[in-house]
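What follows is a short report on a single structure.
There are 2 protein chains.
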Amino acid sequence: MACSCSSVPPQWRHLLSNALQANQHLKHSRYLQLATVRANGSPANRTIVFRGFVEGTDKLQFTTDSRSQKIHEIKFCPKGEICYYFTDTWEQFRIHGLLEIIGKSETDMNKKLIREKAWFSSSSKSRMQFAGPHPGLPVVASQDDHEPELDSEQGPVDCFCVVTLEPEEVDYVHLKDNKRWVYTRSKKENEEAYFWFEIELTP
Amino acid sequence: MACSCSSVPPQWRHLLSNALQANQHLKHSRYLQLATVRANGSPANRTIVFRGFVEGTDKLQFTTDSRSQKIHEIKFCPKGEICYYFTDTWEQFRIHGLLEIIGKSETDMNKKLIREKAWFSSSSKSRMQFAGPHPGLPVVASQDDHEPELDSEQGPVDCFCVVTLEPEEVDYVHLKDNKRWVYTRSKKENEEAYFWFEIELTP
Numbered sequence: 001m002a003c004s005c006s007s008v009p010p011q012w013r014h015l016l017s018n019a020l021q022a023n024q025h026l027k028h029s030r031y032l033q034l035a036t037v038r039a040n041g042s043p044a045n046r047t048i049v050f051r052g053f054v055e056g057t058d059k060l061q062f063t064t065d066s067r068s069q070k071i072h073e074i075k076f077c078p079k080g081e082i083c084y085y086f087t088d089t090w091e092q093f094r095i096h097g098l099l100e101i102i103g104k105s106e107t108d109m110n111k112k113l114i115r116e117k118a119w120f121s122s123s124s125k126s127r128m129q130f131a132g133p134h135p136g137l138p139v140v141a142s143q144d145d146h147e148p149e150l151d152s153e154q155g156p157v158d159c160f161c162v163v164t165l166e167p168e169e170v171d172y173v174h175l176k177d178n179k180r181w182v183y184t185r186s187k188k189e190n191e192e193a194y195f196w197f198e199i200e201l202t203p
Numbered sequence: 204m205a206c207s208c209s210s211v212p213p214q215w216r217h218l219l220s221n222a223l224q225a226n227q228h229l230k231h232s233r234y235l236q237l238a239t240v241r242a243n244g245s246p247a248n249r250t251i252v253f254r255g256f257v258e259g260t261d262k263l264q265f266t267t268d269s270r271s272q273k274i275h276e277i278k279f280c281p282k283g284e285i286c287y288y289f290t291d292t293w294e295q296f297r298i299h300g301l302l303e304i305i306g307k308s309e310t311d312m313n314k315k316l317i318r319e320k321a322w323f324s325s326s327s328k329s330r331m332q333f334a335g336p337h338p339g340l341p342v343v344a345s346q347d348d349h350e351p352e353l354d355s356e357q358g359p360v361d362c363f364c365v366v367t368l369e370p371e372e373v374d375y376v377h378l379k380d381n382k383r384w385v386y387t388r389s390k391k392e393n394e395e396a397y398f399w400f401e402i403e404l405t406p
């Protein structure tokens with residue numbers, strides 16, 4: 001059982017960073033599963049791509065289409081839990097926290113910048129998806145198959161969103177070693193800064 | 204858009220069966236992520252192992268420990284969604300449905316049998332986990348490190364549970380082909396039997 005103050009990166013960041021490095025030769029090493037809650041209270045789950053951390057924070061970053069179901073779900077319930085399993089090193093990170101959407105109507109300058117940076121650092125193939133037809137609608141026979149065109153200098157299209165996850169709890173399991181650690185973000189009374197409380201649990 | 208009657212296996216079963224076969228050389232090909240809802244209404248997500256279908260049904264089968272958090276979550280909200288991503292063939296199955304727990308106090312004879320069969324078809328290493336200390340409790344320094352002992356003839360230990368997922372909707376995406384199909388279980392008015400309604404959607 002131990003505490004770490006907020007000015008140093010929490011221990012789980014080191015573990016995640018090591019896992020990313022050790023698995024980076026795998027195409028799917030950036031794929032993880034995000035669980036959200038639907039408006040009817042039942043869960044949803046899908047694979048998304050980890051796009052790194054928001055600079056200077058512990059927030060995980062993803063991109064998505066404003067027309068996708070997960071946007072509605074996040075608006076209904078802003079809590080999410082990702083499950084990130086690394087297939088080569090047998091490590092699992094379950095990260096629970098607060099989801100935030102940064103969309104086209106964002107007014108905060110820093111967040112607008114995060115969205116723009118995320119757009120320009122996406123591949124052209126990835127950007128093209130956002131210029132395509134509405135995801136989740138029926139495919140009709142007459143549908144226009146022509147590739148949409150996008151100027152490479154053009155900023156984010158309207159439906160391009162960044163989703164961030166601000167971790168509150170990280171549950172780490174190392175299957176090979178049969179070890180489990182849980183990291184919980186906490187605040188001391190009358191103090192502003194967060195710290196991470198860590199504890200070893202039976203797997 | 205098409206319908207299939209309930210007497211033939213639904214199309215998604217063929218797709219899943221093919222994906223399992225095409226990825227079977229990978230150790231993690233039976234690993235998937237199950238999302239549930241916590242008692243506070245926020246989502247939970249973790250990796251579990253697919254243990255095949257309950258004989259003669261479309262129910263997916265898993266095993267778990269009655270002392271794990273997911274049991275409490277399923278009791279609170281019996282809906283679940285698995286996300287099953289096949290890393291070699293780039294296929295994703297999101298399967299949403301009703302979760303059921305088959306535990307030691309089960310009285311239905313068929314379900315008792317499912318639990319016993321699941322126990323005896325588990326590896327001895329896997330069985331040993333259920334004889335170990337309470338999962339999710341703090342590790343204490345004085346903890347007994349001795350391996351628990353289990354007679355190989357012995358039936359399921361008390362905390363051994365089977366969890367089944369009865370699919371209501373299957374959302375299938377083939378990333379390489381950029382194709383998406385959604386299969387929804389439906390019932391016609393005044394009819395007992397289910398059928399599967401299928402529709403192609405934009406990914």
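Residue numbers (the working numbering), protein chains in the order written: chain U, 1 to 203; chain C, 204 to 406. Yeah, the Cβ is synthetic: ideal placement off N, Cα and C, and Gly gets one too. A quick note: this is a predicted structure, and the numbers were derived from the prediction, not measured.
The secondary-structure analysis by DSSP pairs residue 184/U across a beta bridge with 169/U and 197/U.
Here residue 283/C is buried: its Cβ has 16 or more other Cβ atoms, across all protein chains shown, within 10 Å. Annotation: residue 18/U to residue 339/C spans about 24 Å, alpha carbon to alpha carbon. Taking a 10 Å sphere around the C-beta of residue 110/U, we find fewer than 16 other C-beta atoms and assign the residue as exposed. Under the 8 Å criterion on CB atoms, residue 342/C is classed as interfacial with respect to chain U. Here residue 155/U really is in contact with residue 116/U; their C-beta atoms are around 6 Å apart, less than 8 Å.
Counted as a single uninterrupted DSSP element, the stretch harbouring residue 272/C is not any beta strand (DSSP E) but the alpha helix (DSSP H) occupying residues 272-279. Residue 70/U is a Cβ neighbour of residue 64/U, given a cutoff of 8 Å. Rounded to whole angstroms, residue 250/C and residue 193/U show a C-alpha spacing of 32 Å. Annotated three-state conformation of residue 44/U is strand, per DSSP.
Proximity of chain U to residue 403/C at the Cβ level (cut-off 9 Å) is accounted for by 138 and 139, in chain order.
One thing to note: residue 183/U has its Cβ no nearer than 8 Å to the Cβ of residue 61/U.
Fewer than three beta-carbon pairs drawn from the segment 371-388 of chain C and the segment 323-338 of chain C are found closer than 8 Å, and the two stretches are therefore not classed as touching.
Contact residues of the segment 34-48 of chain U toward chain C are 34, 35, 36, 37, 41, 42, 43, 44, 45, 46 and 47 (C-beta to C-beta distance below 8 Å). The three-state reading of DSSP puts residue 33/U in strand, counting E and B together. When secondary structure is reduced to three states using DSSP, residue 117/U falls in the helix class.
For residue 284/C, the neighbours in chain U by C-beta distance under 8 Å run, in chain order, 35, 42, 43, 44 and 45.
Contact residues of the segment 272-283 of chain C toward chain U are 280, 282 and 283 (C-beta to C-beta distance below 7 Å).
The three-state secondary structure of residue 217/C, taken from DSSP, is helix. Cβ atoms of residue 176/U and residue 90/U come within 8 Å of each other, at about 5 Å.
Contact residues of the segment 17-36 of chain U toward chain C are 28, 31, 33, 35 and 36 (C-beta to C-beta distance below 7 Å). Among the residues of chain C, those whose CB is under 9 Å from the CB of residue 87/U are 229, 230, 231, 234 and 290, following chain order. Excluding residues up to 5 positions away in sequence, 239, 240, 241, 242 and 247 lie with their Cβ nearer than 8 Å to the Cβ of residue 276/C in the same chain. When DSSP states are grouped into helix, strand and coil, residue 127/U belongs to the helix group. Counted as a single uninterrupted DSSP element, the beta strand (DSSP E) harbouring residue 94/U occupies residues 91-102. In chain order, 225, 226 and 229 place their CB closer than 7 Å to the CB of residue 291/C, counting only its own chain and leaving out the 5 sequence neighbours on each side.
Here residue 286/C is not near residue 332/C, since their CB atoms are 8 Å or more apart.
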